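Residue numbers (the UniProt record's numbering): 1 to 215.
See below:
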(Lines of atoms letter the chains of each structure in order from A and count residues from 1; the text may use other names and numbers.)
(Lines give C-alpha, C1' and ligand atoms only; values in the text may rest on other atoms or scores of the structure.)
Protein backbone atom coordinates (compact mmCIF):
# COMPACT_ATOMS: atom_id res chain seq x y z
CA UNK A 1 0.00 0.00 0.00
CA UNK A 2 1.37 3.44 -0.94
CA UNK A 3 2.16 6.01 1.77
CA UNK A 4 -0.66 8.29 0.62
CA UNK A 5 -3.14 5.41 0.76
CA UNK A 6 -1.97 4.41 4.25
CA UNK A 7 -2.31 8.01 5.42
CA UNK A 8 -5.81 8.19 3.99
CA UNK A 9 -6.82 4.96 5.76
CA UNK A 10 -5.39 6.19 9.09
CA UNK A 11 -7.20 9.52 8.76
CA UNK A 12 -10.43 7.69 7.96
CA UNK A 13 -10.09 5.42 11.01
CA UNK A 14 -9.29 8.35 13.34
CA UNK A 15 -12.24 10.32 11.96
CA UNK A 16 -14.55 7.34 12.41
CA UNK A 17 -13.43 6.83 16.03
CA UNK A 18 -13.99 10.54 16.71
CA UNK A 19 -17.49 10.67 15.19
CA UNK A 20 -18.70 7.27 16.37
CA UNK A 21 -16.96 7.11 19.75
CA UNK A 22 -15.88 10.42 21.29
CA UNK A 23 -18.62 12.77 20.05
CA UNK A 24 -21.58 10.65 21.31
CA UNK A 25 -20.00 10.38 24.79
CA UNK A 26 -19.44 14.15 25.08
CA UNK A 27 -22.88 15.06 23.71
CA UNK A 28 -24.60 12.57 26.01
CA UNK A 29 -23.19 14.37 29.07
CA UNK A 30 -24.06 17.79 27.62
CA UNK A 31 -27.66 16.82 26.79
CA UNK A 32 -28.16 15.32 30.27
CA UNK A 33 -28.30 18.87 31.62
CA UNK A 34 -31.38 19.61 29.52
CA UNK A 35 -33.14 16.33 28.67
CA UNK A 36 -33.93 12.92 30.11
CA UNK A 37 -31.33 10.16 29.92
CA UNK A 38 -33.25 8.41 27.11
CA UNK A 39 -33.61 11.54 24.94
CA UNK A 40 -29.96 12.48 25.57
CA UNK A 41 -28.86 9.02 24.48
CA UNK A 42 -31.07 9.11 21.39
CA UNK A 43 -29.74 12.53 20.32
CA UNK A 44 -26.09 11.70 21.04
CA UNK A 45 -26.11 8.42 19.13
CA UNK A 46 -27.84 10.05 16.14
CA UNK A 47 -24.69 12.01 15.29
CA UNK A 48 -22.95 9.07 13.52
CA UNK A 49 -26.14 8.49 11.53
CA UNK A 50 -26.31 12.12 10.36
CA UNK A 51 -22.63 11.97 9.38
CA UNK A 52 -23.22 8.88 7.25
CA UNK A 53 -26.39 10.32 5.69
CA UNK A 54 -24.33 13.38 4.71
CA UNK A 55 -21.77 11.16 2.94
CA UNK A 56 -24.54 9.17 1.24
CA UNK A 57 -26.06 12.39 -0.15
CA UNK A 58 -22.65 13.85 -1.04
CA UNK A 59 -21.37 10.78 -2.89
CA UNK A 60 -24.84 9.64 -4.01
CA UNK A 61 -24.29 6.07 -2.89
CA UNK A 62 -24.84 4.03 0.26
CA UNK A 63 -21.98 1.98 1.66
CA UNK A 64 -22.24 -0.91 4.08
CA UNK A 65 -21.45 1.26 7.11
CA UNK A 66 -24.05 3.86 6.13
CA UNK A 67 -26.71 1.18 5.87
CA UNK A 68 -25.47 -0.20 9.20
CA UNK A 69 -26.06 3.17 10.90
CA UNK A 70 -29.44 3.60 9.20
CA UNK A 71 -30.58 0.24 10.54
CA UNK A 72 -29.38 1.30 13.97
CA UNK A 73 -31.45 4.48 13.81
CA UNK A 74 -34.55 2.46 12.85
CA UNK A 75 -33.96 0.35 15.96
CA UNK A 76 -33.73 3.56 18.01
CA UNK A 77 -37.11 4.69 16.70
CA UNK A 78 -38.47 1.26 17.58
CA UNK A 79 -37.14 1.71 21.12
CA UNK A 80 -38.91 5.07 21.33
CA UNK A 81 -42.21 3.57 20.13
CA UNK A 82 -41.88 0.74 22.65
CA UNK A 83 -41.69 3.20 25.52
CA UNK A 84 -38.15 4.51 25.51
CA UNK A 85 -35.82 1.63 26.27
CA UNK A 86 -32.25 2.86 26.79
CA UNK A 87 -31.03 -0.72 26.69
CA UNK A 88 -32.41 -1.20 23.18
CA UNK A 89 -30.71 1.98 21.98
CA UNK A 90 -27.40 0.81 23.44
CA UNK A 91 -27.90 -2.63 21.91
CA UNK A 92 -28.86 -1.40 18.44
CA UNK A 93 -25.36 -1.74 16.95
CA UNK A 94 -25.01 -5.17 18.56
CA UNK A 95 -28.33 -6.22 17.03
CA UNK A 96 -27.17 -5.07 13.59
CA UNK A 97 -23.73 -6.72 13.83
CA UNK A 98 -25.37 -9.87 15.20
CA UNK A 99 -27.80 -9.99 12.28
CA UNK A 100 -24.94 -9.33 9.84
CA UNK A 101 -22.96 -12.14 11.47
CA UNK A 102 -25.87 -14.52 10.97
CA UNK A 103 -26.10 -13.42 7.32
CA UNK A 104 -22.40 -14.24 6.87
CA UNK A 105 -22.90 -17.68 8.43
CA UNK A 106 -26.11 -18.25 6.45
CA UNK A 107 -24.36 -17.41 3.16
CA UNK A 108 -22.16 -20.49 3.66
CA UNK A 109 -25.15 -22.58 2.61
CA UNK A 110 -25.26 -20.87 -0.81
CA UNK A 111 -23.01 -21.54 -3.79
CA UNK A 112 -20.98 -18.37 -3.24
CA UNK A 113 -20.46 -17.04 0.32
CA UNK A 114 -20.79 -13.36 1.20
CA UNK A 115 -17.04 -12.71 1.20
CA UNK A 116 -16.98 -13.58 -2.51
CA UNK A 117 -19.28 -10.64 -3.29
CA UNK A 118 -17.62 -8.30 -0.77
CA UNK A 119 -14.18 -9.00 -2.22
CA UNK A 120 -15.38 -8.01 -5.69
CA UNK A 121 -17.24 -4.93 -4.44
CA UNK A 122 -14.37 -3.48 -2.39
CA UNK A 123 -11.46 -4.49 -4.62
CA UNK A 124 -9.11 -1.73 -5.78
CA UNK A 125 -9.21 -3.28 -9.27
CA UNK A 126 -11.90 -2.70 -11.87
CA UNK A 127 -15.04 -4.57 -10.80
CA UNK A 128 -15.52 -6.36 -14.15
CA UNK A 129 -11.84 -7.36 -14.14
CA UNK A 130 -12.14 -8.68 -10.58
CA UNK A 131 -15.28 -10.65 -11.47
CA UNK A 132 -13.41 -12.35 -14.32
CA UNK A 133 -10.47 -13.21 -12.07
CA UNK A 134 -12.74 -14.61 -9.35
CA UNK A 135 -14.70 -16.63 -11.91
CA UNK A 136 -11.50 -18.28 -13.17
CA UNK A 137 -10.26 -18.94 -9.62
CA UNK A 138 -13.61 -20.36 -8.51
CA UNK A 139 -12.86 -23.64 -10.30
CA UNK A 140 -10.13 -24.34 -7.72
CA UNK A 141 -11.51 -26.13 -4.63
CA UNK A 142 -8.86 -24.43 -2.48
CA UNK A 143 -10.07 -20.96 -3.54
CA UNK A 144 -13.64 -21.89 -2.60
CA UNK A 145 -12.39 -23.26 0.73
CA UNK A 146 -10.50 -20.04 1.52
CA UNK A 147 -13.52 -17.82 0.87
CA UNK A 148 -15.72 -20.05 3.03
CA UNK A 149 -13.20 -19.96 5.88
CA UNK A 150 -13.01 -16.17 5.68
CA UNK A 151 -16.80 -15.89 5.61
CA UNK A 152 -17.13 -18.16 8.65
CA UNK A 153 -14.48 -16.24 10.62
CA UNK A 154 -16.12 -12.87 9.88
CA UNK A 155 -19.53 -14.24 10.79
CA UNK A 156 -18.25 -15.58 14.12
CA UNK A 157 -16.34 -12.36 14.85
CA UNK A 158 -19.46 -10.24 14.35
CA UNK A 159 -21.50 -12.58 16.55
CA UNK A 160 -18.85 -12.50 19.30
CA UNK A 161 -18.76 -8.68 19.15
CA UNK A 162 -22.55 -8.57 19.46
CA UNK A 163 -22.56 -10.94 22.44
CA UNK A 164 -19.79 -9.06 24.29
CA UNK A 165 -21.47 -5.67 23.84
CA UNK A 166 -24.87 -7.06 24.83
CA UNK A 167 -23.35 -8.31 28.09
CA UNK A 168 -21.67 -4.94 28.66
CA UNK A 169 -25.01 -3.14 28.23
CA UNK A 170 -26.26 -4.81 31.40
CA UNK A 171 -22.95 -4.66 33.30
CA UNK A 172 -21.91 -1.03 32.70
CA UNK A 173 -23.48 2.38 33.18
CA UNK A 174 -24.57 4.26 30.06
CA UNK A 175 -21.54 6.66 30.02
CA UNK A 176 -19.13 3.77 30.60
CA UNK A 177 -20.72 1.69 27.85
CA UNK A 178 -20.54 4.57 25.35
CA UNK A 179 -16.81 4.88 26.08
CA UNK A 180 -16.01 1.15 26.03
CA UNK A 181 -18.28 -0.09 23.23
CA UNK A 182 -16.24 1.46 20.42
CA UNK A 183 -13.04 -0.02 21.88
CA UNK A 184 -14.67 -3.45 21.74
CA UNK A 185 -15.94 -2.85 18.19
CA UNK A 186 -12.62 -1.66 16.76
CA UNK A 187 -10.65 -4.34 18.64
CA UNK A 188 -12.77 -7.17 17.23
CA UNK A 189 -13.01 -5.71 13.72
CA UNK A 190 -9.34 -4.66 13.70
CA UNK A 191 -8.23 -8.10 14.87
CA UNK A 192 -10.36 -9.78 12.21
CA UNK A 193 -9.01 -7.49 9.50
CA UNK A 194 -5.43 -8.28 10.59
CA UNK A 195 -6.17 -12.01 10.48
CA UNK A 196 -7.77 -11.57 7.03
CA UNK A 197 -4.68 -9.80 5.65
CA UNK A 198 -2.31 -12.48 7.00
CA UNK A 199 -4.50 -15.40 5.91
CA UNK A 200 -5.08 -13.86 2.47
CA UNK A 201 -1.33 -13.58 1.85
CA UNK A 202 -0.80 -17.20 2.87
CA UNK A 203 -3.74 -18.38 0.75
CA UNK A 204 -2.66 -16.32 -2.29
CA UNK A 205 0.81 -17.90 -2.22
CA UNK A 206 -0.66 -21.39 -2.19
CA UNK A 207 -3.27 -20.54 -4.83
CA UNK A 208 -0.58 -19.12 -7.14
CA UNK A 209 1.31 -22.42 -6.84
CA UNK A 210 -1.84 -24.37 -7.72
CA UNK A 211 -2.48 -22.16 -10.75
CA UNK A 212 1.15 -22.46 -11.87
CA UNK A 213 1.10 -26.25 -11.53
CA UNK A 214 -2.02 -26.47 -13.69
CA UNK A 215 -0.49 -24.30 -16.38
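We treat Cβ as the ideally placed atom computed from N, Cα and C, and that holds for glycine.
Keep in mind it's a predicted model, so treat the numbers as computed, not measured.
C-beta contact flag for residue i and residue j at 8 Å
i	j	result
residue 185	residue 151	no
residue 86	residue 174	yes
residue 177	residue 169	yes
residue 48	residue 19	yes
residue 158	residue 100	yes
residue 162	residue 98	yes
Distance cut-off 7 Å: residue i Cβ against heavy atoms of the ligand NAD
i	result
residue 88	Of ligands this structure carries none, so the ligand NAD is not represented either.
Own chain residues within Cβ distance below 6 Å of residue i, not counting five before or after
i	result
residue 205	none
residue 137	143
residue 199	none
residue 116	147
7 Å CB neighbourhood of residue i in its chain, flanking five on each side removed
i	result
residue 111	none
residue 113	107, 147, 148, 151
residue 203	146
residue 26	none
Contact set for residue i: own chain, Cβ-Cβ below 8 Å, skip 5 residues either direction
i	result
residue 180	168, 172
residue 140	207, 210, 211
Assigned exposure category for residue i - 16 Cβ within 10 Å defines buried
i	result
residue 191	exposed
residue 106	exposed
residue 183	exposed
residue 28	buried
residue 40	buried
residue 22	exposed
residue 165	buried
residue 155	buried
| message | List, from N- to C-terminal side, the alpha helix (DSSP H) runs of 4 residues or more that fit wholly inside the region 120–208. | response | 127–137, 141–171
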